[in-house]
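Since the structure comes first, as structure tokens, the remarks are kept for the end.
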Amino acid sequence: MTDGIRTGLSAEDFKQAFQNNLYCVQGKFPGNATRNDYYMALAYTLRDRIVQRWASTVQTFVEKNVRAVAYLSAEFLVGPHLGNNLVNLRIVNNVREAMEASGHDLDDLIGQEEEPGLGNGGLGRLAACFMESLATLQIPAIGYGIRYEYGIFDQALRDGWQVEKTDKWLALGNPWEIARPELRYPVKLGGRTEIYNDEGGQTRVRWLPDRLLIGTAFDTPIVGYGVNTINTLRLWKSEACESFDFDAFNLGDYYGAVDEKIRSENLTKVLYPNDEPEVGKRLRLEQQYFFVTCALQDMLEIHTKTGGDVRGFHEKFTVQLNDTHPSIAVAELMRLLLDEHALPWDEAWDVTQQTLAYTNHTLLPEALETWPETLFAEELPRHLEIIKEINARFCNELRSRYPEDEARVGRMSLISPGAESERLVRMAHLATVGSHTVNGVAELHSELLKKTVMKDFYDLTPDKFTNVTNGVTPRRFVRLSNPELSALITGEIGDGWITDLPALRKLEPLAEDEGFQHRWMEAKFEKKMQLGRIINRTTDIAVDPYSLFDVQIKRLHEYKRQHLNALHILYLYNRIKADPSIDLTPRTFIFAGKAAPGYVMAKLMIKLITSVGDLVNDDPQVDGRLKVVFLPDYNVKHAQNIYPAADLSEQISTAGKEASGTGNMKFSLNGALTIGTLDGANIEIREEVGAENFFLFGLTTEEVMSLKAEGYDPRRFWEENDNIKAVMELLVSDTLSKGDRDLFKPLADSLFEHDQYMLFADFQSYTDCQANVETEFKDTSSWAHKSILNAARMGKFSSDRSMHEYCERIWRTKPVHVELRSI
Ligand code: 26Q
């Protein structure tokens, strides 16, 4: 087929194909088409071009029988596809021209897309950046996850409080996925196990479930930049298995059967927010098992269909576990190899360990995943048996390695010691024991893993542990979201930086150049104007684009300390009140982020920020010097408008608590300066950009740990600091709470009584550092110099570099070139 309608890339071909799709796919014509119809027609026009490359990729991979990465993640926060696919296919200009010729504004159509919010935050977005980089690097890869019908809730603000709304992202259809109803795997749940003798007389185990459902695949193409490689994101949806024999339970029970169908379809209905208390978690365990078994069955099918022997499974696939969420894979791969493929234990264990690797994303003990053994027994009886067998063998090894150290064995056991009703299956231990490699996501985080939560495991198998510092994709987070800065950069050094981020270093000599500084700040100013308009449209607040844009956007959490930022604003407010003529650099404080629906303190932090805004924004004495904005419904789409407009990036977590952070990288790459603690990847960012281009404050991890050990007493800091006193007084005053003095009492109490996150200990250091920021921002040329150097020195933080390290050190995978084939 050579017709331009499906594959042609010229503006004219696009225009024709667009009209054709509007008519043939949407069944509309310009007289009755909605904006969404036009968006869909354009998306399908693009998809036609993508499909040709996608099919070429699959054919090439099959013919060459390539080794592939399988990235298992409960979350993929991919963001809107249209803009990114245009960038990666390098056809933005032609398509813009074609749309103009058809009477449409391309940016308008791009803005129509509802993003798939299939993740909570950093971890899900990381998975999306990694998938994009793998395609760009031409590494065969498949992402496996869940096709949630409702993604992360939509956030609205009512009276300054967060309210949650369901995310109906599929309501208007999803042109980017292709349903694969023929790809379906059975998923068993519940029931019991039974021992039997097979035809060869071998003793085997079979699982007699009491529920059976089906997983079906939906594929989304992941387009590499400037290459023909298009990898697959394969998400699973749960369906009822109509043929499953329920007769024994509900003979002739039609309504019972309908209930069962609904229950099956519920499994992939909704994404769980993180930081939720332990309620209704049975379904979450079912979700994890569901997508893991579908993924492993799919890989085994691909492997055996192409003639592979299960004993060589690890040569065909290398499987990365994105946190412990897919860690049931250890037991499930064992089960498939033992029970379905009749491998002996030792061989199955070898294959399993050589296949799997595990990435840890948290040190917070409360965030380490565990499941009650009793729940496990009910849902996954065979897996519990297998985990117990793995554990028995593991504990025996420990006992011979550490004789007479039962305490250690208890600490390391895959199941916590104690009475059955209290025992917990420790998923991080399972993932660690079942994997050949365990990695943290930034240098500090990986070191702390070895010293704290994983210390015993590190002592046992030090070679298993490594670090791969996170990265972000410059295609989405610079080229797409900041075309103004991209054009300036490309004009000076060419466009090689898009796939070779370290090439940004070529900008360093220009950092001193006044003309370049001026153009750089002009590009930043344009993005500030654009964001200012968005802020005005969504919040009705007018902001001054000349003011310092001070930005903290991320999930709300006490450890991330948005309330420290809020206390700083109150401190500045107090200073203005004490001396209304004081000379302060005008600042716009911008916040965005969702709080877990059940995380009461995080929701109160949102109310605090919006209340500080109410106090500050309209006070005539403040006179426009301070503005506080909380942008509702933070998501990837909104993030893309915010990073490019930031002057200052707030990365102010308590040292030792933020595993890496990836927003910190996106800011700096767009020329924002960071105010931050020595936490997560901040440390490495500061190393790269230079200490003189980074605003450092706060306790170090060691200082936090020793302060905790000696007994942190917030009142000591309060007593010795009049600014803390004044700010805390304002916090519990009528002024801030509009008469409801108890409103912020829970926050104040926590800061006074036991605050794990040590706000008071870092308060003075933070406000002092903010005073430096203020002084430095006044010197525009020096600020521009620092801003340029920040971007120029961010080469390390491309997700291309992260992927390269995983490929070399963990996966042993190589690029495979794909030639475009005609259809
Ligand atoms: C677990 C069980 C039940 C329900 C939900 C969850 C759950 C879901 C998501 C637990 C945690 C998450 C997400 C964690 C996360 O985003 N961690 C972040 O990962 C980033 C990528 O490595 C790091 O940069 C951040 O520092 C880290 O906080």
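Position 768 of the sequence shown, counting from 1, maps to 2130 under the working numbering, and the rest follow consecutively.
For each residue, glycine too, the CB sits at the ideal point set by N, CA and C.
Here the structure is a predicted model, which means the values were calculated and not measured.
Got a list of residues with beta-carbon closer than 7 Å to any non-hydrogen atom of the ligand 26Q, in chain order? Ala-1436, Glu-1437, Asn-1482, Gly-1483, Gly-1484, Leu-1485, Gly-1486, Leu-1488, Tyr-1634, Pro-1635, Asn-1636, Glu-1638, Lys-1643, Arg-1646, Asp-1685, His-1687, His-1723, Thr-1724, Ala-1729, Glu-1731, Val-1803, Asn-1832, Glu-2020, Ala-2021, Ser-2022, Gly-2023, Thr-2024, Gly-2042
Whole-angstrom Cβ separation of Tyr-1512 and Lys-1631, contact assumed at under 8 Å? Within the sequence shown, numbered from 1, the residue matching residue 1512 stands at position 150. Within the sequence shown, numbered from 1, the residue matching residue 1631 stands at position 269. The Cβ separation is near 6 Å, so the contact holds.
Compare the C-alpha of Ala-1781 against each of Glu-1805, Pro-1743, Ala-1541, Thr-1736 and name the closest. In the sequence shown, counting from the first residue as 1, residue 1781 sits at position 419. With distances taken between CA atoms, Ala-1781 lies nearest to Thr-1736 out of Glu-1805, Pro-1743, Ala-1541, Thr-1736.
Which residue spans inside the stretch 2009 to 2052 form an unbroken beta strand (DSSP E) run of at least 3? 2010 to 2013, 2035 to 2038
Kindly list the residues whose CB is nearer than 7 Å to the CB of Thr-1947, restricted to its own chain and excluding five residues on each side of it in sequence; keep chain order. In the sequence shown, counting from the first residue as 1, residue 1947 sits at position 585. Around Thr-1947: Leu-1910, Glu-2136, Phe-2139, Lys-2140.
Tell me which residues share the same chain as Ile-1748 and place their Cβ nearer than 8 Å to its Cβ, disregarding the 5 neighbours each side in the sequence. Along the sequence shown, one-based indexing puts residue 1748 at 386. Cβ within range, chain order: Ala-1693, Met-1696, Arg-1697, Leu-1700.
What residue range is occupied by the uninterrupted beta strand (DSSP E) comprising Gln-1517? Your numbering for residue 1517 matches position 155 in the sequence shown. That run of the beta strand (DSSP E) goes 1516 to 1520.
Is the beta carbon of Leu-1869 less than 8 Å from the beta carbon of Ile-1897? Your numbering for residue 1869 matches position 507 in the sequence shown. Your numbering for residue 1897 matches position 535 in the sequence shown. Taking 8 Å as the Cβ cut-off, Leu-1869 and Ile-1897 do not qualify as a contacting pair.
Is Thr-1591 near the ligand ATP - that is, is its Cβ less than 7 Å away from at least one heavy atom of it? Here the bound small molecules are the ligand 26Q; the ligand ATP is not part of this structure.
By the three-class DSSP mapping on this structure, what secondary structure does Tyr-1401 have? By 1-based counting over the sequence shown, the position of residue 1401 is 39. Reduced to three states, the DSSP call for Tyr-1401 is helix.
Please state whether DSSP places Phe-1878 in a helix, a strand or coil. In the sequence shown, the residue the question calls residue 1878 occupies position 516. Reduced to three states, the DSSP call for Phe-1878 is helix.
For the beta strand (DSSP E) that contains Phe-2079, what are its first and last residues? Counting from one through the sequence shown, the residue named residue 2079 turns up at place 717. No beta strand (DSSP E) holds Phe-2079; the alpha helix (DSSP H) holding it covers 2076 to 2081.
On the criterion of 16 or more Cβ atoms from any shown chain inside 10 Å, does Ala-1579 qualify as buried, or is it exposed? The count along the sequence shown starts at 1 and reaches residue 1579 at position 217. By the 10 Å Cβ count, Ala-1579 comes out buried.
Below 7 Å CB to CB, which residues in the same chain sit around Arg-1646 once its five sequence neighbours on both sides are set aside? Translated into positions along the sequence shown, residue 1646 becomes position 284. Taken in chain order, the residues that qualify are Tyr-1634.
Closest to Glu-1648 by CA distance: which of Leu-1718, Leu-1574, Ile-1664 is it? Position 286 of the sequence shown, counted from the start, is the residue given in the question as residue 1648. Among Leu-1718, Leu-1574, Ile-1664, the Cα nearest to that of Glu-1648 is on Leu-1574.
Could you please give the first and the last residue of the uninterrupted alpha helix (DSSP H) stretch that includes Asp-1621? Along the sequence shown, one-based indexing puts residue 1621 at 259. In this chain, the alpha helix (DSSP H) harbouring Asp-1621 covers 1616 to 1628.
Where do the ends of the alpha helix (DSSP H) carrying Asp-1637 lie? Sequence index remark: in the sequence shown, residue 1637 carries index 275 (1-based). Element bounds for Asp-1637: n/a, residue is neither H nor E.
Is the number of C-beta pairs between the stretch 2013 to 2024 and the stretch 1722 to 1738 that are closer than 8 Å three or more? yes
Pairwise C-alpha distance: Phe-2159 and Lys-2028: For this step, residue 2028 is matched to residue 666 along the sequence shown. For this step, residue 2159 is matched to residue 797 along the sequence shown. The straight-line gap from Cα to Cα measures roughly 9 Å.
What residue does the beta strand (DSSP E) around Asn-2152 start on, and which one ends it? Taking the first residue of the sequence shown as position 1, residue 2152 is located at position 790. Per DSSP, Asn-2152 belongs to no beta strand (DSSP E); it is in the alpha helix (DSSP H), 2142 to 2154.
Using only CA atoms, which one of Lys-1922, Asp-1469, His-2166, Gly-1481 lies nearest to Thr-1835? The sequence position of residue 1835 within the sequence shown is 473, counting from 1. It is His-2166 whose Cα lies nearest to the Cα of Thr-1835.
Among Asp-1995, Thr-2036, Asp-2009, whose alpha-carbon lies nearest the alpha-carbon of Ser-2015? In the sequence shown, the residue the question calls residue 2015 occupies position 653. For Ser-2015, the nearest C-alpha among the options comes from Thr-2036.
Cβ-based burial, Arg-1899 [other Cβ within 10 Å; buried from 16]: One-based indexing of the sequence shown puts residue 1899 at position 537. Exposed is the call here.
Thr-1686: buried (16+ other C-beta within 10 angstroms of its C-beta) or exposed? Within the sequence shown, numbered from 1, the residue matching residue 1686 stands at position 324. So Thr-1686 ends up on the buried side.
Report, in whole angstroms, the separation of the C-beta atoms of Ile-1504 and Pro-2177, which I expect to be a contact under 8 Å. Numbered from 1 along the sequence shown, position 142 holds the residue referred to as residue 1504. Numbered from 1 along the sequence shown, position 815 holds the residue referred to as residue 2177. Contact flag wrong, Cβ pair sits at about 16 Å.
Count the CB pairs spanning the stretch 1465 to 1480 and the stretch 1911 to 1921 that are closer than 8 Å, and state whether there are at least three. no
CB Pro-1688 to CB Ser-1495, shorter than 8 Å? Residue numbering aside, residue 1688 sits at position 326 when the sequence shown is read from its first letter. Residue numbering aside, residue 1495 sits at position 133 when the sequence shown is read from its first letter. No; because the gap between Cβ atoms is not below 8 Å, this pair is not in contact.
Could you check whether Gly-2025 and Lys-1916 sit closer than 8 Å to each other, using their CB atoms as the reference points? Against the sequence shown, residue 1916 aligns to sequence position 554. Against the sequence shown, residue 2025 aligns to sequence position 663. Contact: yes.
Residues that Asn-1684 bridges to, as DSSP identifies them: The residue labelled residue 1684 in the question sits at position 322 within the sequence shown. According to DSSP, which records beta bridges pairwise, Asn-1684 is partnered with Thr-1721.
Between Thr-1498, Lys-1813, Gln-2126, which lies nearest to His-1930 when the distance is taken from Cα to Cα? Looking up residue 1930 in the sequence shown gives position 568. For His-1930, the nearest C-alpha among the options comes from Gln-2126.
Can you give me the start and stop residues for the alpha helix (DSSP H) that Val-1991 sits inside? Sequence index remark: in the sequence shown, residue 1991 carries index 629 (1-based). For Val-1991, there is no enclosing alpha helix (DSSP H); the residue is part of the beta strand (DSSP E) that begins and ends at 1988 to 1993.
By Cβ distance below 7 Å, which residues in the same chain neighbour Pro-1907 in space, the five residues on each side in sequence not counted? One-based indexing of the sequence shown puts residue 1907 at position 545. Answer for Pro-1907: Phe-1887, Lys-1890, Met-1891, Gly-1894, listed in chain order.
Kindly give me the distance between the Cβ atoms of Leu-1730 and Phe-1738, rounded to whole angstroms, as I take these residues to be in contact under 8 Å. The residue you call residue 1730 lines up with position 368 of the sequence shown. The residue you call residue 1738 lines up with position 376 of the sequence shown. About 16 Å; that fails the 8 Å criterion.
Among Ala-1541, Leu-1597, Gly-1562, Glu-2091, which one has its Cα closest to the Cα of Tyr-1510? Locating residue 1510 in the sequence shown gives position 148, where the first residue counts as 1. For Tyr-1510, the closest C-alpha among the options Ala-1541, Leu-1597, Gly-1562, Glu-2091 is that of Leu-1597.
Quick one: Cα of Thr-1814 to Cα of Pro-2006, how far? If you number the sequence shown from 1, residue 1814 lands on position 452. If you number the sequence shown from 1, residue 2006 lands on position 644. Spanning the two alpha carbons is a distance of roughly 37 Å.
Is the distance from the Cβ of Pro-1990 to the Cβ of Val-1978 below 8 Å? Counting from 1 along the sequence shown, the entry for residue 1990 is found at position 628. Counting from 1 along the sequence shown, the entry for residue 1978 is found at position 616. Residue 1990 is actually Val in this sequence, not Pro. Going by C-beta atoms, Val-1990 is nearer than 8 Å to Val-1978.
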